[in-house]
Structures are given as C-alpha cells and as structure tokens.
Amino acid sequence: MSIAQPSRLLYHSRIAPGFDAGARARLLETSERRNGEAGLRSGLVAYRGVFMQALEGDIDEVTEVFRRLLVDPRHHGVTLVHLGAVEANALPPVRMAMLDEEEIVEELLAQHRAQPPFDPGALGAAAMTAIIRQACLARTFLVD
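Just so you know, we're using full-length UniProt numbering here: the sequence shown kicks off at 1 and counts up by one.
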C-alpha cells in the first residue's frame, strides 16, 4: 500500500464578532475530533481579529474542510492562500493546535518581517506556513 503525497491548505479569514472563550472551546473540540477522523494535521493562529490556518493531509479531506469553512459563520472573508501537494508535512503530528497569545504571535510575525498593520495577505504561503508551524510548536493550546 502506498502512502499518498501530503497536501497543504492555507487560508486566512476575519473572525466573526462574538468569538469568545466558549466559541473557542467548541471550535477546538469539533476541529480536533473531525481532523482526527480525517487524519489531518492542523495549526490555527488567531490574532487581531484574523484566523490563519494550515491543514495538511489527503487533498480530498483538506478540500472538504475548506468547503465547510466557506459557510462557517465564525469566518468572514475566507481567502485561500495555497492548496496543493507538498513534499513533506510542515506541521507537527497534531490534530489541532491553536495559538492566540498576542505577544507570541507578534514575535513570530517579527521573525518573518511582517510589518504593522497586520495584513495576512501580505505574508505569502511560505511565511504563513512557517509562522503556523512555529505556533504549533509553541504549544499554547495543543490537542494531540
């Protein structure tokens, strides 16, 4: 049996009003379960009203997650940054990791020369992947 080449999906969106601690907990619980069932790796950064997320796994599975995101009321203005095959996974083997500590996110953005005001569209796929990978490794909130 051959192992399928991994795929990566990157997007950013604006966080809908009312995304509070309860909504965060529900998002993490649901994502952890669904990503586990689909065999996906996922890293999510929440910063100044914006989500940036990377999903890795089977192309059909990451595409299905993206379809759901497009109609998810927690996300506004969903923008696809990258979708395609990659040589290797960049994310650690976790079903869902989320970083929303502003100081840590700012340090990661500074390492990648992201200039204020924050514009996720200006990062590019390589920088966004690296930031999300580092966010996963920061283990601020990690479900594995």
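Positions of the beta carbon are idealized from the N, C-alpha and C atoms, including for glycine.
Where do the ends of the alpha helix (DSSP H) carrying Q115 lie? Translated into the one-based positions of the sequence shown, residue 115 becomes position 115. Per DSSP, Q115 belongs to no alpha helix (DSSP H) and is neither H nor E.
Assign L80 to buried or exposed, taking buried as 16 or more other Cβ atoms, counted over all protein chains shown, within 10 Å of its Cβ. For the purposes of this step, residue 80 is identified with residue 80 of the sequence shown, where counting begins at 1. Looking at its Cβ environment, which holds fewer than 16 other Cβ atoms inside 10 Å, L80 is exposed.
Taking V105 as the reference, give the member of A138, R95 and G124 with the closest Cα. Here the question's residue 105 lines up with position 105 in the sequence shown. Of A138, R95 and G124, the residue nearest in Cα terms is A138.
Could you check which residue in G124, V45 and L9 has the C-alpha nearest to that of I132? The residue you call residue 132 lines up with position 132 of the sequence shown. Comparing Cα-Cα distances from I132 to each of G124, V45 and L9, the minimum goes to V45.
F66 lies in the alpha helix (DSSP H); which residues open and close that run? The sequence position of residue 66 within the sequence shown is 66, counting from 1. Looking at the DSSP string, the run of the alpha helix (DSSP H) that includes F66 is I59 to L70.
Note down the Cα distance separating F19 from R74, rounded to an integer number of angstroms. As a first step, residue 19 is located in the sequence shown; it is residue number 19 there, counting from the start. As a first step, residue 74 is located in the sequence shown; it is residue number 74 there, counting from the start. Distance between the alpha carbons of F19 and R74 is about 7 Å.
For the ligand ZN, any of its heavy atoms closer than 7 Å to the Cβ of P117? No copy of the ligand ZN appears in this structure; indeed no ligand is present at all.
Helix, strand or coil: how does DSSP classify G77 here? On the sequence shown, position 77 is the one that residue 77 refers to. Three-state DSSP puts G77 in a strand.
DSSP state of Q53, grouped into three classes? Reading the sequence shown from its first residue, position 53 is the one you call residue 53. Three-state result, Q53: strand.
Between the Cα of H82 and the Cα atoms of A38, E102, H76 and I59, which residue gives the shortest distance? If you number the sequence shown from 1, residue 82 lands on position 82. Of A38, E102, H76 and I59, the residue nearest in Cα terms is I59.
Can N89 and E56 be called in contact, C-beta distance under 8 Å? In the sequence shown, the residue the question calls residue 89 occupies position 89. In the sequence shown, the residue the question calls residue 56 occupies position 56. Taking 8 Å as the Cβ cut-off, N89 and E56 qualify as a contacting pair.
Starting from the C-beta of Q5, find all residues in its chain whose C-beta is less than 7 Å away, skip the five residues before and the five after it, and write them out in chain order. Position 5 of the sequence shown holds residue 5. Cβ neighbours of Q5 beyond the five flanking positions: A85.
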